[in-house]
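Here's the structure, in structure tokens; my notes come after.
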Amino acid sequence: MEHIAALLLIVGCSGNMAECRELPAPTPVYETFEECEAERPVSMRELESEAPRVMATCVYVDPALVYDDAVLEWDVTDDGKLTATLEPVTSFAVARNEHGRPASTLMK
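Quick note: to get my numbering, add 270 to the position in the sequence shown (first position is 1).
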């Protein structure tokens with residue numbers, strides 16, 4: 271399995287920054303944070319026609335944590351900066367569908 275040290279997040283926004291959405295990064299994962307930072311301007315240029323304002327940031331991936339279930343949380347601040355973190359999911363919602371099971375297999 272490849273070691274991932276950074277994720278590249280690219281966001282496209284309207285001219286007034288009222289609406290923003292994630293854009294697909296040409297290469298979304300990197301083995302080093304430095305590689306991600308080096309490719310960030312190139313990737314932004316490739317997607318500059320997708321939105322009036324395009325921003326990108328590299329998000330550090332802590333190799334000590336397991337990110338099987340993680341959420342990439344991002345925001346554009348009031349001063350127009352893109353911030354992002356990768357947060358491990360720490361709580362889970364469990365759903366159970368008992369429809370169609372015989373009564374003898376239902377938990378009481």
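The beta-carbon is built from N, C-alpha and C at its ideal position, and this holds for glycine as well.
From a predicted model like this one, the values you see are computed outputs, not experimental measurements.
Using CA atoms only, rank isn't needed, just tell me which of the options is closest to residue i.
i, options, result
"R324", "S313, A276, E343", "According to the sequence displayed, residue 324 carries Val and not Arg. When only C-alpha atoms are compared, the closest one is S313."
"L278", "T327, V341, L356", "T327"
"L398", "R291, A334, Y330", "Since the first residue of the chain shown is 271 and the last is 378, residue 398 is not available in this structure."
"S319", "N286, T360, E289, L293", "L293"
"D332", "M287, P358, A295, L352", "P358"
"D339", "T360, V346, P311", "T360"
"V341", "T347, A354, A321, D348", "A354"
Does the beta carbon of residue i sit closer than 7 Å to a beta carbon anywhere in chain C?
i, result
"T302", "Reference to chain C is not applicable here, since this structure consists of a single protein chain."
Based on the DSSP output, what are the partners of residue i in its beta bridges?
i, result
"A354", "W344"
"R323", "C283"
"C266", "The first residue shown for the chain is 271 and the last is 378, placing residue 266 beyond what the model contains."
"V329", "L277"
Ignore the nearest five residues each way along the sequence and tell me which others in residue i's own chain have a CB closer than 8 Å to its CB.
i, result
"Y300", "I274, A275, A276, L277, L278, C306, E309, C328"
"I280", "E292, L293, P294, A295, S313, M314, L317, V324, M325, A326"
"E289", "C283"
"K302", "In the sequence as presented, Lys is not what sits at residue 302; that position holds Thr. So the list reads A275, A276, once near-sequence residues are dropped."
"G285", "P322, R323"
"T347", "T353"
Leaving out the 5 sequence neighbours to the left and right, which residues in its chain are closer than 7 Å to residue i when beta-carbon positions are compared?
i, result
"G350", "M287"
Just to confirm my understanding: we take residue i, look at its own chain, exclude 5 residues before and 5 after, and list those with CB closer than 6 Å. What are they?
i, result
"D345", "T353"
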